[in-house]
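Chains A and B, in that order, are what the protein sequence lines are. Our numbering puts the first residue of the first sequence at 39, with every later residue one more than the last. Our numbering puts the first residue of the second sequence at 199, with every later residue one more than the last. Here the structure is laid out as structure tokens; the discussion comes afterwards.
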Amino acid sequence: MPGMADKAKRPETASSPAIELRGISKSFGPVQANKNISFKVARGTVHGIIGENGAGKSTLMSILYGFYKPDSGEILVNGQPLNVTDSQTAIRAGIGMVFQHFKLVQNFTVLENIILGVEDGKLLRPSLAKARGVLKQLAAEYQLNVDPDETIEELSVGHQQRVEILKALYRQADILILDEPTGVLTPAEADHLFRILEGLKAEGKTIILITHKLREIMEITDNVSVMRRGEMVASVKTSETSPEQLAELMVGRKVLLNVKKSPAKPAQPVLEVRDLQLADDEGVQRLRNVSFDIRAGEIFGIAGVSGNGQTQLLELLGGYPEKGSTISGTVRMNGQELDLTGTRSDAATRRARGIGHIPEDRQSEGLIMDFAAWENSAFGYHHAAEYNAGLFMNNNAIQQDAQEKMERFDIRPRDPHLAARNFSGGNQQKIVVAREIERNPDLLLVGQPTRGVDIGAIEFIHKRIIELRDAGKAILLVSVELDEILALSDRIAVMFDGRIMGERLPSETTTGELGLLMAGVTDTERHDASDGIPPESKHVEELPDEQAGGAG
Amino acid sequence: MDKMPKWADVILTPLISLILAMAISALVILAIGESPWMALKTMVTGALGSSYGWGFTLYYTTNFIFTGLAVAVAYHASLFNIGGEGQAMIGGLGVALICLALPWPHWGVALPAAMIGAALFGAAWAFIPAILQAKRGSHIVITTIMFNFIAAALLNYMLVNIMRPQGSQDPATARFPAGAHLPQLSEMAAGIGIEWGKNTPVNITFFIALIACILVWLLIWRTRLGYEIRALGRSEPAALYAGISPVRITVIAMLISGGLAGLMAINNVMGEAERLVLNAVEGAGFIGIAVALMGRNHPFGVLLAALLFGFLYQGGGELALWTTIPRELIVVIQALVILFTGALDNMVRMPLERIFLALRKKGRA
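As structure tokens, this is what we get:
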């Protein structure tokens, strides 16, 4: 192993911090991504780095890992200055990185992935044998159990992440950087990850955890550094701070972490979904007997790990299921059946029927990134009479309308002529939210409304969604963020493998219970999947008002 | 924030590319023992130095405007239509059939009819690749280029076996009736007492080409259809989300594209040759690709680029006529221009962007 020889040379002075950055600055063209950043990470601690999207967290870690060269400043590892010219230098210095998007070869086995790049010689067999032994040891030490002969594509996301961690440990990493590690995990998997991290810490490893989730910071870190607009605004002991204080530091002003909302007043059913089935063009069943109702004036939340049919459900209701899908079942909107497969099943018809849609992926669906903000503000509604004048589009009217929306939704910079790609994630999302909410739809489909959105904008978007509900509209909310589901929903359903595993009231459930449902643990209390009765037929019929609004 | 100002993107980048292409062309001319300066002079005087030269330059420009616009419209829908050559050929067939069908009393009647024929035939030739792309996913680049060959074969068959006048040895149609003769620019100038461009082929179609530029601009930037074409071109998932049918827009964009390519036949078949011959298009369909690339798919850019290629075409002909520089070298020069303005665009663009960023930084500091 290449790391082996160097390890002996590393000074192990206990007093010096594992990592120290002094005055790191980095700019990309006119954008200053990191401004004079200095901070220390003490050995054997879990250090959180928190900040909004675009605050410069990832840039900083990329500098540490040798992907970018800083414009100025120095990096000290274990008290020794280190010129990190590339990732190999970082690895030799004992730094390991677990990326948000895993860097694994899908059709290689776990073992092959682990030795990739650190083979001992031309022949693979000795390396593989050695790795197998080391792996066994690591697995026993840190609860990192993975079948070494399984190919990556066969593994769950949680296990793939373990392979990434094992890769770093195999390369003798003392300092482990994890970039948004829980984004793709179920709560149970996240808990397991945290136990692994605790174990690593106990062994004296240093861990840097990059996240935007305050709960995780509070739960696992010893110290936390907050970044805002490229600057390190604070480094504090976690025990001496609070989520509210951290949020304020991140945003630069006071933030309401939990939106206030009054109890729902559900009225007549707006959307009635019955026995919806969808198989994709490869015949994989994506939706299985999905049935639910959404009433006017309520938010129906669907929780679940991403990839369990939520996307297909939203796309189907939005009028653009994947090409070649086989679809059955019925959907009624305001009592009238929707065409699910015929010529009137497109997204334009859905909009005409009063269905608005904030799509899960704003960058590839909700917006045309090269279009100006004003062009995007009419996207999907560009046939509306007020946007047209005879043969031509009434560009002045659209621009005027966009300008007003930007005022009302506080979209910055307030320039309707700027291309969508030049707005931050939060402001991009606000362009979509403004467009969809201001059409005043009877039903609003909302997918991951705050993914990659800064805390300030999250608060704003949540408020607007609740306002729409209070105006008597029905809302279908799909989110992988349990906190968001719990904060907004009046009723919660959990999806797993295309099936609705059960429905709960936010006031009567816990993260733990929802987490079990998300992991596909059958909900035997209320129904049993094997008894042949679809779980959906047993869903809660009436909601007492005071219960429905319980989670505020 | 944009990396550099718009003028640098639209004007400076192609200009520098052009200068680089010319510099290398100069080296090539030097290498074969001729003077690059003399060559340039011959080209400029030959193409732009007289009304005669202009008459030819503008004639070629007209061809390239149509084929350039054809490529540009399809490009906005993210479709690479390289079948302009075949579509223009079949457009010519439409023009010939209409011009020969009736003893046209006046060009004012014949022109609209021939335009409809040209556009319909061109569009029909683009329709099959379009529907194959939209419904079956057959790649438009492959199908349109195959359709160029089919068009050539079809035209050959039509001219040799069906449309050739009896007793003629020439694979071409009969001459169009006198009533289908389009006014030449020289005739129009003479009409108001100016002697300009005698014996040159440029004709009234040039103005139709200019109007086409304006109409395409309106279509792309001012209509719902243009909005939907651009939306589909930028992101198909987003188009689906917005209720825009990719099948419909793909087909419509290709019909417009094919129609524009077909309209070129008004210039070369009806305006110049006044009969349909084999190889009437002479590669203008392919030059349209370079024109659209260099014009950045904007109608005004297409106009300028078409003018440049019109100049290269005419100037190149003059070069072959008056110097010992072989005709093949003209093709080399044209290829270099295409290479630098099209394929090597980023080679110039990226250093320029860096310079502008550095300048901006300095300006702020």
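Every residue, glycine too, gets a C-beta built ideally from N, C-alpha and C.
Expressed to the nearest angstrom, what Euclidean distance is found between the alpha-carbon atoms of residue i and residue j?
i	j	result
K205 (chain A)	K64 (chain A)	29 Å
P544 (chain A)	D535 (chain A)	22 Å
I523 (chain B)	R334 (chain B)	48 Å
T127 (chain A)	L98 (chain A)	16 Å
A567 (chain A)	V297 (chain A)	Annotation note: pLDDT 39 at A567 (chain A) (below 50); position unreliable, no value reported.
E191 (chain A)	I396 (chain A)	31 Å
R373 (chain B)	W235 (chain B)	42 Å
I487 (chain B)	G493 (chain B)	10 Å
N279 (chain B)	K73 (chain A)	48 Å
A533 (chain B)	I409 (chain B)	29 Å
I214 (chain B)	R547 (chain B)	9 Å
I406 (chain B)	M287 (chain B)	19 Å
T7 (chain A)	L284 (chain A)	Since the first residue shown for chain A is 39 and the last is 590, residue 7 (chain A) is missing from the structure and cannot be characterised.
G282 (chain B)	W205 (chain B)	29 Å
A471 (chain B)	F347 (chain B)	22 Å
G490 (chain A)	Q331 (chain B)	35 Å
P451 (chain A)	R525 (chain B)	56 Å
In chain order, what residues of the same chain lie with their CB nearer than 7 Å to the CB of residue i, ignoring the 5 residues before and after it?
i	result
L520 (chain A)	P225, A341, T549, L552
S110 (chain A)	G61, S63
R388 (chain A)	G356, G357
D439 (chain A)	S415
M288 (chain A)	I88, G89, E90, V264, R266, I493
E227 (chain A)	G196
E424 (chain A)	A435
Using a Cβ-Cβ cutoff of less than 6 Å, which residues in the same chain neighbour residue i once the five nearest sequence positions on both sides are dropped?
i	result
G347 (chain A)	R324, L325, M533, G536
G290 (chain B)	A463, V467, L474, A478
L173 (chain A)	P186
I153 (chain A)	S165, A169
E112 (chain A)	R60, P119
L505 (chain B)	T259
I129 (chain A)	R209
A557 (chain A)	T224, A226
Counting only the same chain and skipping the five closest in sequence on each side, list residues whose C-beta sits under 8 Å from that of residue i.
i	result
A387 (chain B)	E393, W394, G395
M407 (chain A)	Q401, A457, A458, R459
L476 (chain B)	L353, N354, L357, P369, A370
I258 (chain A)	V84, G86, F232, L235, E236, L247
Y425 (chain B)	none
Quick one: measure Cβ to Cβ for residue i and residue j, integer angstroms, because I've assumed they're closer than 8 Å.
i	j	result
D528 (chain A)	E269 (chain A)	Contact doesn't hold; Cβ gap of about 40 Å is too wide.
H274 (chain B)	I402 (chain B)	Not confirmed; about 28 Å, so no contact.
R93 (chain A)	M256 (chain A)	Per the sequence presented here, residue 93 (chain A) reads as Ala, with Arg not at that position. Actually they do not touch by this definition, with Cβ atoms about 19 Å apart.
P479 (chain A)	G392 (chain A)	5 Å
T488 (chain A)	I475 (chain A)	The pair is not a contact, with the Cβ atoms about 14 Å apart (cut-off 8 Å).
A378 (chain B)	A308 (chain B)	4 Å
So what does DSSP say about residue i, is it helix, strand or coil?
i	result
K95 (chain A)	helix
D439 (chain A)	helix
D543 (chain B)	helix
D313 (chain A)	strand
E269 (chain A)	strand
T249 (chain A)	strand
P307 (chain A)	strand
G483 (chain B)	helix
G117 (chain A)	coil
K78 (chain A)	strand
G391 (chain B)	coil
K64 (chain A)	strand
V559 (chain A)	coil
Residue range of the alpha helix (DSSP H) that residue i falls in?
i	result
S165 (chain A)	162 to 180
M287 (chain B)	282 to 299
H197 (chain A)	195 to 208
Q283 (chain A)	281 to 289
L510 (chain B)	497 to 520
Hey, quick one: how far does the beta strand (DSSP E) through residue i stretch, first residue to last?
i	result
H274 (chain B)	Element bounds for H274 (chain B): not the beta strand (DSSP E) but the alpha helix (DSSP H), 249 to 274.
N414 (chain A)	Careful: N414 (chain A) lies outside any beta strand (DSSP E), inside the alpha helix (DSSP H) at 411 to 414.
M371 (chain A)	364 to 371
V516 (chain A)	512 to 516
Closer than 7 Å: is that where the CB of residue i sits relative to any heavy atom of the ligand HEM?
i	result
L291 (chain B)	Absent from the structure shown: the ligand HEM. Ligands present: none.
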